[in-house]
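Worksheet: the structure to be examined is printed underneath.
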Amino acid sequence: YTFRGNAFCVAVSFRKLPALLKPGACVWIGRTAELVITACDKDYAVARVLSNFRLYECMLVNVPGVTVDLPVLQLKDRDDIRNFVVPNCVDFVAVSAVQNAGDLKFARSIL
């Protein structure tokens, strides 16, 4: 991070996030923090906080209805599937952060 955040601004590691947001978009941080975007540009977003919460490092950010340009499976995930799941005949693999049917097709192609 070039900016680590402060009492008024939260830093996120996904640099493209502000450019994907629009005023009125809902953003969830963790399981309890709900924010609504009031203004945004390519490198920042301003939000109104709707719920009281404690912010910690490495909290998940969820933006319902926004397609995020991130692979559904990271390199480590693909390696785990090829080198552990398949050789050990694991019955079930869960994939989180699925955004569309293509994400599941990609995950199945690794199997």
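Position 19 (the sequence shown) corresponds to 16 in the numbering used here; numbering is contiguous.
From the three backbone atoms N, C-alpha and C, an ideal C-beta is built for every residue, glycine too.
Note that the structure is predicted; figures quoted are calculated from it, not measured.
Less than 9 Å separating the beta-carbons of V24 and V65? no
Within a Cβ cutoff of 6 Å, which residues of the same chain sit near Q96, ignoring the five residues on either side of it in sequence? T64
For my contact list, V33 and L47 are in at a C-beta cut-off of 8 Å; report their separation, rounded to the angstrom. 6 Å
With a threshold of 8 Å on Cβ separation, who are the neighbours of P61 within its own chain once the five nearest residues in sequence on each side are excluded? C23, W25
What would DSSP say about A16, mapped onto helix, strand or coil? helix
Quick one: Cα of D77 to Cα of V90, how far? 11 Å
Beta-carbon contacts of R79 that lie in its chain and below 8 Å, excluding the five residues immediately before and after: I107
Cβ-based neighbour list, N85, same chain, cut-off 7 Å, excluding 5 preceding and 5 following: none
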